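Letter by letter, the sequence shown follows residues 386 to 746 in the numbering used here. Beta carbons: idealized from backbone N, C-alpha and C, even for Gly. Because the structure is a prediction, the values reported are computed rather than measured. As structure tokens, the structure follows; a few thoughts come after it.
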Amino acid sequence: MEKIILTGDRPTGRLHIGHYVGSLRRRVELQNSGEFDKIFIMIADAQALTDNFDNPEKIRQNILEVALDYLSCGLDPTKSNLFIQSQISELTELTFYYMNLVTVSRLQRNPTVKSEIQMRNFEASIPVGFFNYPISQAADITAFKATVVPVGEDQLPMIEQTREIVRKFNSIYGEVLVEPDVLLPDNQACLRLPGTDGKAKMSKSLGNCIYLADDPKEVQKKIMSMYTDPLHIQVSDPGHLEGNTAFIYLDAFCKPEHFAEFWPEYANLDEVKEHYTRGGLGDVKVKKFLNKIMESELAPIRARRKEYEKDIPMVYDILKEGTERAREVAAKTLDEVKAAMKINYFDDASLIAEQAKRYAK
Ligand code: ATP
Ligand code: MG
């Protein structure tokens, strides 16, 4: 069986370091591993409209921002198909048929949807489109027969929902769809990177992000003012690591070689943690170290972005070509789905012949 990746992001803002450690960094590694037959990376504008339907300009502007972030992180359009969801109407059509296979109560039980409804104050009145987005996500994944979906932890319930739809579809209509596997970050800190305010998730919608495109001054400012340990007031006080954003970011970004380069007083992160919890190590020193690491990671990304920013029409060409290629694949799957569901009347000569015969009697 072919190894196929599908994943993506909502164009609700620029991408941040949570996306980077949660999915983007891994995508680039997988792309460059050469192990995959096809890679589809989707800018999920139709999904973004489900909770931003009243602000289409925001989505329109951010498609380019997300594309620039992709390219600057190393997604290579000759290896990965970058495409725009709304331009492939086959995905909407698949969603419509999959809606028959899911109950309202099953959608209501989806924990990510539950918390997102709360976050958006949709409790009193949920737009049907938003409620339905896990089904639309199943259409996106299955249209490309993706076998692997590299995402952050918040997407687990979506992939589970997709797998259920695949099983139900195949059991009713025959083996057409492929059950995808989720690929979560292997580093605990990257599963759901918290925001700089210490909130559980860095998220465009919460405004607690370090963006990949932030300039060095902005990154430094955000790091120096980020949430750490409210009980660590004097340098000599013992510090706590749990929920300490600076240390969670260090867990996500720090590599052994960073010590020789940026902080030779310590041999590894465990030594830093030990000193911090014992007392005597101030937040400022920890944050300065984190800032140096972030700079070494973000500087090349920023530099590549500057290059792509010089030729915006080319970026749109990349998206257009990627969308055309992706559309061919989705159209083929939709044909198979319609045939399996017996709604391919005009392509089915045997149906017409058989009915003609019946009426000729
Ligand atoms: P929005 O607030 O519009 O939902 P978002 O910041 O949650 O935006 P998405 O576009 O919904 O971003 O998510 C894109 C991908 O990035 C998903 O795979 C998601 O799991 C991952 N991701 C998003 N935020 C984080 C995070 N803080 N830590 C790890 N992964 C994340
Ligand atoms: Mg999200």
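Leaving out five residues before and five after residue i in sequence, what residues of the same chain have Cβ atoms less than 8 Å from its Cβ?
i, result
"I633", "A574, L578, P579"
"G407", "V536, G537, E538, P570, C575, L576, R577, L578"
"L453", "A598, R690, Y693, E694, V700"
"H625", "D614, L616, H617, T662"
"L736", "Y730"
"Y651", "F644, V657, H660"
"M386", "T532, V563"
Which residue's Cα is closest to the Cα of residue i: the options?
i, options, result
"E627", "G583, R689, L415, S500", "G583"
"S457", "A688, V536, E508, L486", "A688"
"Q546", "E709, V487, D439, G665", "V487"
"N506", "S590, S490, T613, S735", "S590"
"S521", "M427, L736, K640, A724", "M427"
"M543", "A585, L492, K586", "L492"
"L568", "D430, T532, V722", "T532"
"R712", "Y483, E478, R552", "E478"
"F647", "K672, H625, L736", "K672"
"K553", "A725, S735, D733", "A725"
"Y485", "D696, H401, V551", "In the sequence as presented, Tyr is not what sits at residue 485; that position holds Asn. For the residues D696, H401, V551, the minimum Cα distance to N485 belongs to V551."
"Q472", "R412, Y483, A429", "A429"
"A585", "S500, S556, Y483, G393", "S500"
"A715", "N466, V489, P462", "N466"
"I389", "F421, P396, T397", "F421"
"N555", "R710, T392, A741, K723", "K723"
What's the call for residue i, buried or exposed, on a 16-neighbour Cβ count within 10 Å?
i, result
"F481", "exposed"
"R494", "exposed"
"L718", "Checking the sequence, you will find Thr at residue 718 rather than Leu. So T718 counts as buried."
"I618", "exposed"
"G592", "exposed"
"P615", "exposed"
"K746", "exposed"
"M587", "buried"
"R743", "exposed"
"G419", "exposed"
"D600", "exposed"
"V674", "In the sequence under discussion, the amino acid at residue 674 is Phe, which differs from the Val named in the question. Counting Cβ neighbours within 10 Å, F674 comes out buried, since at least 16 surround it."
"D394", "buried"
"N572", "exposed"
"F638", "buried"
"F468", "buried"
Name the one or two DSSP bridge partners that residue i has.
i, result
"M427", "G393, F468"
"V534", "V567"
"Y730", "Its beta-bridge partners do not exist; DSSP assigns none."
"H401", "Y596"
Can you list, in chain order, the residues of its chain with a C-beta nearer than 7 Å to that of residue i? Leave out the 5 residues immediately preceding and following it.
i, result
"I686", "S457, C458, L597"
"K464", "Q416, I424"
"H643", "I678"
"L683", "L597, V604"
"A523", "Y483, Q546, T547, I550"
"L541", "V567"
Considering only residues of the same chain and omitting the five flanking positions on each side of residue i, which have a CB-CB separation below 6 Å?
i, result
"G664", "S621, D622, P623"
"Y518", "Q432, T435"
"Y612", "D582, G583, T630"
"Q503", "none"
"C594", "H401, M587"
"L409", "C458"
"F515", "T435, D436"
"E475", "A715, A716, L719"
Problem set entry | Segment contact, 8 Å Cβ cut-off, at least three pairs: the stretch 601 to 619 with the stretch 669 to 680 | yes
For this session: Check whether the stretch 524 to 533 touches the stretch 553 to 566, counting contact only when three or more Cβ pairs, one atom from each stretch, lie closer than 8 Å.
Result: yes
Problem set entry | Given 8 Å, three or more beta-carbon pairs between the stretch 654 to 670 and the stretch 427 to 442 | no
For this session: Determine, using beta-carbon pairs with one atom in the stretch 701 to 718 and one in the stretch 650 to 657, whether at least three such pairs fall under 8 Å.
Result: no
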